[in-house]
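Heads up: the sequence shown runs through residues -24 to -1, 1 to 647, numbered per mature numbering (1 follows the signal peptide of the UniProt record, and there is no 0).
Built from N, CA and C at the ideal position, the CB exists for glycine as well.
Being a predicted model, the structure only gives us computed values, none of them experimental.
The block underneath contains the structure these notes are about, expressed in structure tokens.
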Amino acid sequence: MRRRGPRWAMVAASLIAAATTAIGQVAAARASDVRDESFFIERVYPVLQAVQCERCHSDNGVASGTLLEFPDPDADEARIEAFGLSMIDLVDPGDPLQSLLLTKPTRRIDHTGGRRIRPDSDEEALLLDWVTYLAGLTEDEVRQAREKIARAEPTGLETLTVRRLTHSQYNHTVRDLLGDLSQPANGFPKEDFINGFRNQVEGQGVSPLQAEAYGKAAERLALAAFRGGDHHGLIPRQPESPTDAEAAEEFVRRFGLRAFRRPLDGDEVGRYREMFLREAGRTQDFHRGASIVIETMLQSPYFLFRIEGGADGPNADYEVASRLSYLLWDTMPSDELFRAAAEGELSTPGRVEGVARRLLDDPRARSAMDEFLAQWLRFDRVLDATKDRRRFREYNAEVAAAMVEETRLLFNELAWNDRDFREIFTADYTFVSSELARLYDLTTPESEFAKVSYPPDSGRSGVLGHGSFLVATSNPAETSPTARGLFVRNHFLGQEVPPPPAGVDTNLPVVTEAAPMTNRERLAVHLNSESCASCHRLIDPIGLGFEQYNAIGAYQETLSLQFRGGRGDSDRGRGSSPIELEIDTSGYIQGIEDSSFSTPKELGLLLAESETCQRSIAKQFFRYAFGRQETANDQAVIDGLYAKFRASGFRFRELIVALVTSELFLQRGAD
């Protein structure tokens, strides 16, 4: 092929200049259209949506730290218009064609999200129109634009909503309400994980199967309540007869207060009292009257749901008491908390803080936060994991449970001893059983789950070195760098990575004796397709940094590939000699500068110092506490939580207190 010389360069430069002039002329001809307020909303914004820019450039996207952040999907026109004007910060007034708003999506310069808009396309022409318009704004117009942007910023608070008791809360509530330890919710239909948790409002509908389960559980619980007598003190005082109306009403009021987490109104008292007396008279059994009331109340929406955000009336403090108790204890309010509500002790942030700190000193708070931890770090994936028994004979249910306990103990060490919570990623110590110590090649602990330090040359630190993380993000027989990188993005950086496009083949090349490959080599196939590469560049480089820790969390110096003889299971272990491959554990976090690492320990230091990761911890707790993903209206709340979390030296207990004393948590609705 003939080499292109200086003359070709001159011709190419002329062509580029001509094209640039032509594009500029087209843009100038449409300048009047661009100044129409609807231009961006109706023409440019749909293009950006069609190429899915908002998947990364959103509050929870992997490009959340950039200057471009799309509004919520349900944003009104004023917010969308303001978003378009905010792009002025991505425009170069001196040379509009070099603006990041134009060169990034067309990938004329490096763009992690890949090429989203084809150069010289109609879509690029529209975007160029907008870039040119923003670049030409006068100083006065820029000032007016920024005022419009500020006016469109979300204000006010999201309203609280109706939330169903989670299965865990149901079990704990019937335990404290009835003294029942049977944990009936364990037999209910499973709860789905949404936004990383099982308590999210959008997944809390009641299916016919769930409703049937509630009915059966209420019947069994009511029958068991007085089996052998009133052993749990449910009847306030001894009745004078089976149809003692005063005793019946006293039971209805007391039990109703505790079951509905608020005082009953007069009509409710009357209905339940009549129901009580009708059944007690029919059976001549006072306990049967109480039992039918229990069964009915346990199927009431006022028991099954936490109905919040009502009027600022006499029950407002009871709503706050319920919110506090279910978040901090994972169960119904105690008698002491009911008294605090009745006496107005939950009417100000200062009083709520005092009550919250007392609740946090109770052992029940540890159990409640264990529930948060188990969902955040997906302990279910560890406890339900299956591993290849031929490769990992040392792995069993007891080891899986020990891995979960190891992580729980680290969390407790940090949260309840008021230590810097960033140590969840950087701790140079852990808590292991004898089995885990052998698996990790650590010194045997003095007692089961005693504190043990990692050797100075260990690559482990914090939860990133725990079997709970390494097992949950592996396949049955091998590691999964993609799953590990995705977990870090989702759970620790709070970023959502778009799912694979429909119809994409996600299978990796098969490893054979003739063609042995490391996972790094196999994953390289994803980079051959732009539709795959744009996402895999975000997650695979993170997961590859864990490759020296196998599918059950044990360290491996090299990747050992064992191939069997090929005559069936009878040849197990009699194949050729293992093939040992060198492992390259170099990794990085796309989007974070100077983020190269090669061990979990090095990654832990990066995460601990990352503001994105620190804010994500506050976000994750916000989602768990309120049962939903955050919105634009919540931004000020989350900013406040993060500020207090950071100011406290990243004490998790202070994050909890900041949340329960926030305006959002304490809101009382409107009359």
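Euclidean distance between Cα positions of residue i and residue j
i, j, result
"Leu153", "Val228", "13 Å"
"Gln1", "Phe46", "Any answer about Gln1 is weak, because its pLDDT of 44 lies below 50 and its placement is not dependable; what the coordinates show is given next. Whole-angstrom Cα-Cα distance: 29 Å."
"residue 653", "Leu185", "With the chain represented from -24 up to 647, any question about residue 653 goes unanswered, as that position is not in the structure."
"Ile268", "Ile283", "23 Å"
"Ser592", "Gly470", "5 Å"
"Leu44", "Asp243", "55 Å"
"Ala376", "Gly443", "8 Å"
"Val473", "Gly41", "14 Å"
"Ser638", "Pro325", "8 Å"
"Gly625", "Leu390", "12 Å"
"Gln120", "Ala126", "10 Å"
"Gly191", "Phe202", "18 Å"
"Asp86", "Cys29", "15 Å"
"Asp168", "Leu579", "30 Å"
"Met251", "Arg357", "46 Å"
"Glu100", "Leu78", "8 Å"
Segment limits, beta strand (DSSP E) that includes residue i
i, result
"Val428", "Ala426 to Ser429"
"Glu556", "Ile555 to Leu557"
"Ile283", "Phe281 to Ile283"
Cutoff 8 Å: residue i Cβ touching any chain D Cβ
i, result
"Thr135", "In summary, chain D is missing from the structure at hand, where a single protein chain is found."
Selected residue, minimal CA-CA separation from residue i, among the options
i, options, result
"Arg249", "Gly265, Phe407 and Thr259", "Gly265"
"Leu157", "Val20, Gly163, His148 and Val245", "His148"
"Asn451", "Asp12, Glu523, Leu253 and Val428", "Glu523"
"residue 690", "Pro69, Phe59, Gln532 and Ser301", "Residue numbering for the chain in the displayed model covers -24 to 647; residue 690 lies beyond these limits and cannot be assessed."
"Lys363", "Ala453, Leu514 and His33", "Ala453"
"Arg354", "Ile170, Val107 and Gly616", "Ile170"
"Lys80", "His33, Leu313 and Leu359", "His33"
"Gln566", "Lys577, Arg11 and Ser510", "Ser510"
"Leu359", "Gln25, Ala341, Glu381 and Phe368", "Glu381"
"Ala54", "Ser14, Pro474 and Gly461", "Ser14"
"Leu133", "Thr607, Gln214 and Val633", "Thr607"
"Ser62", "Val118, Pro95 and Gly70", "Val118"
"Leu557", "Thr494, Phe598, Pro576 and Glu569", "Thr494"
"Trp305", "Leu102, Asp337 and Ser323", "Asp337"
"Asp68", "Ile211, Ser429, Val20 and Ala111", "Ala111"
As assigned by DSSP and simplified to three states, the class of residue i
i, result
"Ser14", "helix"
"Leu61", "helix"
"Arg436", "coil"
"Tyr564", "coil"
"Ile528", "coil"
"Pro(-19)", "The predicted model places Pro(-19) with a pLDDT of 42, which falls under 50 and marks its position as unreliable, so this point remains unresolved."
"Glu472", "strand"
"Tyr371", "coil"
"Phe397", "coil"
"Phe202", "coil"
"Arg139", "strand"
"Phe164", "coil"
"Gln74", "helix"
"Gly580", "helix"
"Leu642", "helix"
"Val27", "coil"
"Glu606", "coil"
"Arg213", "coil"
"Cys32", "coil"
"Met251", "helix"
"Met379", "helix"
"Thr42", "coil"
Host alpha helix (DSSP H) of residue i (start-end)
i, result
"Thr588", "Glu587 to Phe602"
"Val269", "Phe262 to Met273"
"Phe46", "No alpha helix (DSSP H) contains Phe46, which DSSP labels as neither H nor E."
"Val331", "Pro325 to Leu336"
"Pro421", "Note, Pro421: premise wrong, no alpha helix (DSSP H); not H, not E."
"Arg496", "Asn495 to Leu499"
"Met345", "Pro339 to Trp352"
"Ile93", "No alpha helix (DSSP H) holds Ile93; DSSP gives it neither H nor E."
"Val613", "Gln611 to Ala623"
"Lys124", "Glu115 to Ala128"
Bridge-paired residues (DSSP) for residue i
i, result
"Ser450", "Thr455"
"Ile170", "Phe173"
"Val150", "Its beta-bridge partners do not exist; DSSP assigns none."
"Ser536", "Glu556"
"Phe573", "Gly563"
"Gly37", "Glu472"
"Val408", "Ala426"
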